[in-house]
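In terms of the numbering used here, the sequence shown is residues 9 to 690.
Have a look at the structure below before the remarks.
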Amino acid sequence: MTAQEKLTKLFIKPETPFHAYPFDQIKDTDYGELIDCAIQLQREEINAIESNTENPSFANTSLALENSGEALEALLGAFYNLLSANSNDILRSTAEAFSPKLSALSSDISLSDSLFQRIKVLHDSKETLSLLEEEKRLLHRQYQSFVRNGALLPKEKKEALRKINEALSKASLAFGNNLLSDSKLFRLYLPPADEALQGIPSNILELAHQRAIKEGELSGYLFSLDAPEYQAIQRFAETSWLRETFYKAWMQRGYQHNIYNNAALVRKIVNLRLAKAQILGYPSYAHYALELKMVNHPDKVFHFIESLETVSLPKAEEELKKIATIKGSSIKPWDINFYFEKLCQKDFKFSEKELKPYFPLESTIKGVLGLAERLYGLSFIYDPSLSVYAEGIKAYRVEDPERKEFIGLLYLDFFPREGKRSGAWMNNLREASEKQRPHILLVMNFNPPSEGQEALLLPSEVHTFLHEFGHALHGLLTQVRFSSLSGTNVVHDFVELPSQINENWLTEPEFLASFARHYQTGEQIPSTLLQRFIDSSKYRTGYDTQRQLAFGFLDLALHTINSPLKEDFSIEEFEKKAFNKAPGFGTLPEGCAMSPSFSHLFSGGYAAGYYGYKWSEVLSTDAFSLFQEHGVFDRSTAESFRKQILEKGDTDDPQNLYRAFRGRDPEIKALVKRDGFCQNQQ
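Structure below.
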């Protein structure tokens, strides 16, 4: 079988239902040969457009460009997912080997003068071409992309930009690989009955015990830095030195004295981004990155986060004063989550652990998916015949019975495993277009179940599930012809609206009543416990907002520089200045740093865009207030959200889409009210 035949059989058009990836037939060693083949196929497709002697038309140029690289897109959809969710040495070395080739392909396309000239001819005359609005949007985005990637530059600057792009691609990949490798090094062993084990949840102890046995210890507990273990120890471990050890290990990922130290890469990536922006005529990378966003200038972003810092600081200071009183002395960073847990128990007589028995995984899946059934009329059919890439992943067919439509495929990956990065995310395995429906993957890192028992989720994990499922709905419900405009392919400060609005249903009693049952008795959450949970939802909003804003200030500080960071650049000093702008968060201990593990900025696409999380909260709380006005399960409001937001992708500017749904521009009032901030300080 030739490489192209294998590419078609495994990735482009597998002989499986809905062309789902046959993961059980794909070997890790296949990717190298097939990526080479797919790159060559796209080069041939691009060459055919460039060498076309006919006058440019939408079909022979714009549409042909959109359709080029379908084989590569199908292949990389699977490959990059595995690289994040089920990585190993073979996949990482393949990614490292092909990063320069993929970067070169991208640069060859974006810097092709003949291709750009054909697009420019069409763009300059688009109003006379009888194009549909979506076709005009595609053509406009293509023209913008060429210009923003250097098409108007002279030859020598194009070559310089090409080298910068290649170096950025390599550096970002190395950053992510270093972070994953460094995180895997941490192990901490505690013997049976050690006093430091007090307070750690039983499922985390069981996980650590099984790891101890697997790695050669006959008894005791062997802990890792997997997110569920780290978070549980920060919140529940009674022993201060243990919380401190884990906190510092977490905040030193990518910053230790070993080969995985990312400090030099932070400086390199920031300087390369600055060089790219300035070659393109922008004073800083933030000016370049924000140009097409809803909040489209660094000054506007600073104004937004500074105003939110002002309104949230009094509540953050009050919250920190309360937990310091509980402790009886000054608060250290590793005390914050632990004593916030104590504060919640003191003020609201509530601990997240109390609700855990009411969220067994299977019924929670039904509840979360059931939300979309009720709001949008969707149906989710579990399909064990669909191949998955690791044990425990669930795959579903998604349908709309009312419209008699197949919507797409949804894969759910819940638990940590070796080779899986921390955090939670949504991936497009296959992008939606007029040719196919989307295949969507949600990846999380929930507390795994104890052996022989059902997994039970904390409310915060249900919150994460709802958030990522909102992204999934954005990808699944898209009704867009062109994949580059479909689903979640929107500007970054708009993409979190569908995910964050979904979080609001977690504190709605009617939603919880539909699925939350005690895993042993089948009883619903008692009304008094439910009310304590709802009341507790605002108990640390001040601090959490200050924390997010601190990261936003750091992001902007890194990406608004207008001269390169020097060799003696101190990450810790730089971060200290940025974090001081959000005093409710504070600064990090000596020897700790955020940037070397800040994958959102350095390997995740959020550079100069981290503020988008808070901006999207403004959008989502304002949008949800319309649901509250008409009823949180009102189908007409849900249908409007589906039609104006979820289905539209990037077919119109987000400001227009939001106004079409909400009837006006977004307002911050709903966020201030929800989080209990001082109304008179807006």
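Every residue, glycine too, gets a C-beta built ideally from N, C-alpha and C.
Since the structure is predicted, the reported quantities are computational estimates derived from the model, not experimental observations.
What's the call for residue i, buried or exposed, on a 16-neighbour Cβ count within 10 Å?
| i | result |
| --- | --- |
| residue 298 | buried |
| residue 434 | buried |
| residue 623 | buried |
| residue 528 | exposed |
| residue 120 | buried |
| residue 576 | exposed |
| residue 389 | exposed |
| residue 140 | exposed |
| residue 524 | buried |
| residue 272 | exposed |
| residue 393 | exposed |
So, residue i versus residue j, is the Cβ gap smaller than 9 Å?
| i | j | result |
| --- | --- | --- |
| residue 415 | residue 386 | yes |
| residue 79 | residue 46 | yes |
| residue 501 | residue 620 | yes |
| residue 569 | residue 137 | no |
| residue 519 | residue 640 | yes |
| residue 267 | residue 251 | no |
| residue 384 | residue 647 | yes |
| residue 30 | residue 15 | no |
| residue 683 | residue 478 | no |
| residue 509 | residue 668 | no |
| residue 334 | residue 351 | yes |
| residue 615 | residue 293 | yes |
| residue 225 | residue 263 | no |
| residue 289 | residue 488 | no |
| residue 538 | residue 275 | no |
| residue 451 | residue 476 | yes |
Would you identify the three-state DSSP class for residue i, choosing helix, strand or coil?
| i | result |
| --- | --- |
| residue 689 | Residue placement at residue 689 cannot be trusted, given a pLDDT of 46 that sits under 50; what the coordinates show is reported in the next sentence. Residue 689: helix per DSSP, three-state reduction. |
| residue 525 | strand |
| residue 456 | coil |
| residue 416 | strand |
| residue 355 | helix |
| residue 213 | helix |
| residue 292 | coil |
| residue 388 | strand |
| residue 279 | helix |
| residue 508 | helix |
| residue 421 | strand |
| residue 588 | coil |
| residue 218 | helix |
| residue 438 | strand |
Could you tell me the distance, in whole angstroms, from the CA atom of residue i to the CA atom of residue j?
| i | j | result |
| --- | --- | --- |
| residue 75 | residue 346 | 52 Å |
| residue 203 | residue 247 | 8 Å |
| residue 649 | residue 493 | 18 Å |
| residue 258 | residue 229 | 19 Å |
| residue 94 | residue 71 | 35 Å |
| residue 554 | residue 249 | 26 Å |
| residue 699 | residue 154 | With the chain covering 9 to 690 only, the question about residue 699 has no answer from this structure. |
| residue 256 | residue 605 | 12 Å |
| residue 689 | residue 318 | No answer about residue 689 holds up, because its pLDDT of 46 lies below 50 and its placement is not dependable. |
| residue 480 | residue 58 | 36 Å |
| residue 135 | residue 174 | 36 Å |
| residue 192 | residue 145 | 45 Å |
| residue 199 | residue 236 | 20 Å |
| residue 548 | residue 445 | 41 Å |
| residue 460 | residue 361 | 20 Å |
What is the residue span of the beta strand (DSSP E) that residue i lies within?
| i | result |
| --- | --- |
| residue 407 | 402-408 |
| residue 618 | No beta strand (DSSP E) holds residue 618; DSSP gives it neither H nor E. |
| residue 263 | Here residue 263 belongs to no beta strand (DSSP E), and DSSP marks it neither H nor E. |
| residue 196 | 196-198 |
What first and last residue would you give for the alpha helix (DSSP H) that runs through residue i?
| i | result |
| --- | --- |
| residue 448 | Taken as a continuous stretch (DSSP letters only), residue 448 belongs to no alpha helix (DSSP H), being part of the beta strand (DSSP E) at 447-451. |
| residue 371 | 369-384 |
| residue 55 | 38-58 |
| residue 746 | There is simply no residue 746 to check, as the chain begins at 9 and stops at 690 in what is shown. |
| residue 310 | 306-335 |
| residue 170 | 163-193 |
| residue 229 | First-last for residue 229: 229-231, but that is the beta strand (DSSP E), not the alpha helix (DSSP H). |
| residue 75 | 72-75 |
| residue 740 | Only positions 9 to 690 of the chain appear in this structure, which leaves residue 740 out of reach. |
| residue 259 | 248-259 |
| residue 100 | 97-118 |
| residue 555 | 549-567 |
| residue 429 | Segment: none, residue 429 is in no alpha helix (DSSP H) and carries neither H nor E. |
Within 9 Å of any Cβ in chain C, is that where the Cβ of residue i sits?
| i | result |
| --- | --- |
| residue 650 | Judged by its chain identifiers, the structure shown contains no chain C, having just a single protein chain. |
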